[in-house]
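Reviewing the structure listed below.
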Amino acid sequence: MKNILIPTDFSDNAYKAISYAVLLLKDENCTFYLLHTYTPAIYQSEYLLHSPGQLGLGDIYRTDSEKKLEDLKLKVISEFDNPKHLFKTYSAFSVLMEAIDELVESKNMDLLIMGTQGATGAKEIFLGSSTVHTIQRAKCPVLAIPFDFDVKMPTKILFPTDYEIEYNFELIKQVLFIAKVHKSTLDIMHVRSGYELNEEQKKNKSKLDHLLAGTKHKFHELPDQGIIEAINSIHSELHPQMLVMVKNKHSFLENLFLKPVINQIGFHSSIPFMVLPYNLLG
Numbered sequence: 147m148k149n150i151l152i153p154t155d156f157s158d159n160a161y162k163a164i165s166y167a168v169l170l171l172k173d174e175n176c177t178f179y180l181l182h183t184y185t186p187a188i189y190q191s192e193y194l195l196h197s198p199g200q201l202g203l204g205d206i207y208r209t210d211s212e213k214k215l216e217d218l219k220l221k222v223i224s225e226f227d228n229p230k231h232l233f234k235t236y237s238a239f240s241v242l243m244e245a246i247d248e249l250v251e252s253k254n255m256d257l258l259i260m261g262t263q264g265a266t267g268a269k270e271i272f273l274g275s276s277t278v279h280t281i282q283r284a285k286c287p288v289l290a291i292p293f294d295f296d297v298k299m300p301t302k303i304l305f306p307t308d309y310e311i312e313y314n315f316e317l318i319k320q321v322l323f324i325a326k327v328h329k330s331t332l333d334i335m336h337v338r339s340g341y342e343l344n345e346e347q348k349k350n351k352s353k354l355d356h357l358l359a360g361t362k363h364k365f366h367e368l369p370d371q372g373i374i375e376a377i378n379s380i381h382s383e384l385h386p387q388m389l390v391m392v393k394n395k396h397s398f399l400e401n402l403f404l405k406p407v408i409n410q411i412g413f414h415s416s417i418p419f420m421v422l423p424y425n426l427l428g
């Protein structure tokens with residue numbers, strides 16, 4: 147049984163993420179946790195001055211949140227009607243990341259799936275601030291779903307690497323799981339820096355190859371160029387339906403998040419983007 151966390155603000159792009167999640171895992175036994183958090187600004191200020199009970203705003207917002215979550219749950223069940231899927235709702239008077247941290251730990255979440263910018267966000271933005279903050283802090287894999295993604299299952303998964311990471315099963319097990327479910331090919335992409343792989347990189351590549359032994363995969367060597375250009379180049383050639391990266395302390399993802407303009411990351415708007423957290427490296 148997979149435990150999947152899906153934050154929602156009841157927007158269309160949040161619902162797109164839910165729809166993708168249930169289709170991605172339609173043949174798997176899963177519990178989906180639909181999470182909504184609320185921190186009304188007026189309540190935050192008044193909370194510092196008075197007892198929360200004097201205002202009653204917390205009860206009002208909680209009731210509204212719980213009702214919307216229940217309506218959302220019934221809508222998803224009605225639309226997809228999958229006996230393999232169980233839905234639970236969580237409403238929290240909290241900031242999003244605190245609620246996510248608590249549920250990831252207490253419910254042992256396998257994957258967090260959330261929508262990115264949609265109709266309410268500027269198309270020039272790579273990921274919304276909530277998504278970026280979640281990726282930076284989450285201790286489980288995060289799968290971001292673009293609002294304008296034409297839903298296709300991931301028969302090809304693009305996996306850029308510099309072979310500087312000593313991969314282990316715990317880090318990539320959700321990728322392996324999705325690849326197994328959808329009979330996906332993993333396309334491992336490496337950009338040559340003008341030098342041969344050093345011994346450490348060779349060892350890491352060999353270990354990754356071993357971990358992928360039961361999964362169809364190919365290694366691709368690209369000529370020396372910027373990582374964004376390389377991803378865009380191979381994306382236009384292979385047409386993957388999912389992009390996977392590891393966020394570690396030395397990852398180029400750190401810089402990626404600081405450059406949100408769409409012409410710098412042209413691949414982002416078309417496919418789901420999974421980020422694996424470095425805490426899983428052990």
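Residue 286 in our numbering sits at position 140 of the sequence shown; the count goes up by one each step and never skips. We put the beta carbon where it would ideally sit given N, CA and C, even for glycine.
With distance defined between alpha-carbon atoms, name the residue in the options nearest to residue i.
i: Q371; options: F178, C176, V337, D173; result: V337
i: F419; options: L427, L426, P386, N425; result: P386
i: D132; options: T262, F239, E248; result: The requested residue 132 does not occur in the structure, where the chain is confined to residues 147 to 428.
i: V390; options: D205, I318, E225, A160; result: I318
i: F315; options: Y161, A160, L422; result: L422
i: M483; options: H363, E244, N149, S224; result: Missing from the structure shown is residue 483; the chain here goes from 147 to 428 and no further.
i: D308; options: I324, L343, L289; result: L343
i: H363; options: L171, L232, V392, L322; result: L322
i: A377; options: F233, L426, I303, H356; result: Sequence inspection shows Ile at residue 377; the Ala mentioned does not correspond to that position. Nearest of F233, L426, I303, H356 to I377, Cα basis: I303.
i: M335; options: I373, L232, K393; result: I373
i: A325; options: S165, N350, E225, L357; result: L357
i: M388; options: Q320, K329, M299, L368; result: M299
Determine the burial state of residue i: buried for a count of at least 16 other Cβ atoms within 10 Å of its Cβ, exposed for fewer.
i: D227; result: exposed
i: L181; result: buried
i: F305; result: buried
i: Y161; result: buried
i: F156; result: exposed
i: N425; result: exposed
i: A268; result: In this predicted model, A268 has a pLDDT of only 42, less than 50, meaning its place in the structure is not dependable; the value taken from the coordinates is given anyway. When all chains shown are included, A268 counts as exposed.
i: K349; result: exposed
i: K405; result: Note on K405: pLDDT 45, under 50, position unreliable in the model; no value is reported.
Please return the same chain residues whose Cβ sits closer than 8 Å to the Cβ of residue i, not counting the five positions on each side in sequence.
i: G340; result: D370
i: D173; result: K230, V327
i: V250; result: L151, L258, A284, K285, C286
Please report how far the alpha carbon of residue i lies from the alpha carbon of residue j, in whole angstroms.
i: M147; j: C176; result: 5 Å
i: T154; j: R283; result: 18 Å
i: H381; j: D205; result: 48 Å
i: K219; j: Q347; result: 46 Å
i: I271; j: M243; result: Confidence at I271 is low in this model, with a pLDDT of 40, below 50, so its placement is unreliable and no value can be given for it.
i: I281; j: G360; result: 28 Å
i: K253; j: S240; result: 17 Å
i: E375; j: S224; result: 43 Å
i: Y166; j: S379; result: 26 Å
i: L368; j: Q320; result: 26 Å
i: A245; j: F293; result: 23 Å
i: E310; j: V288; result: 21 Å
i: E145; j: D355; result: Beyond the ends of the chain as shown, which are 147 and 428, falls residue 145; an answer cannot be given.
i: K329; j: D217; result: 34 Å
Residues in the same chain with beta-carbon distance under 7 Å from residue i, minus the five sequence neighbours each way, listed in chain order, please.
i: S237; result: H182, R208, S211, E212, L215
i: A163; result: I152, I259, M260, G261, I291
i: F295; result: S416, I417, P418
i: K353; result: E312, Y313
i: L384; result: K302, L304, D333
i: Y184; result: Y207, S211, F239
With a cut-off of 8 Å on the beta carbons, I'd call residue i and residue j a contact; round off their distance for me.
i: V222; j: V168; result: 7 Å
i: T331; j: T301; result: 7 Å
i: H366; j: D333; result: 6 Å
Is any heavy atom in the ligand NAP found nearer than 7 Å to the beta carbon of residue i?
i: C286; result: The ligand NAP is absent from the structure shown, which contains no ligands of any kind.
Excluding five sequence neighbours on each side, which residues of the same chain lie with their C-beta closer than 6 Å to the C-beta of residue i?
i: K234; result: Y179
i: L171; result: none
i: L232; result: T177
i: F427; result: Residue 427 is actually Leu in this sequence, not Phe. The residues are L317.
i: K351; result: Y309
Against chain D, with Cβ distances strictly below 8 Å, would residue i count as a contact?
i: M391; result: Here there is only one protein chain, and chain D is not present.
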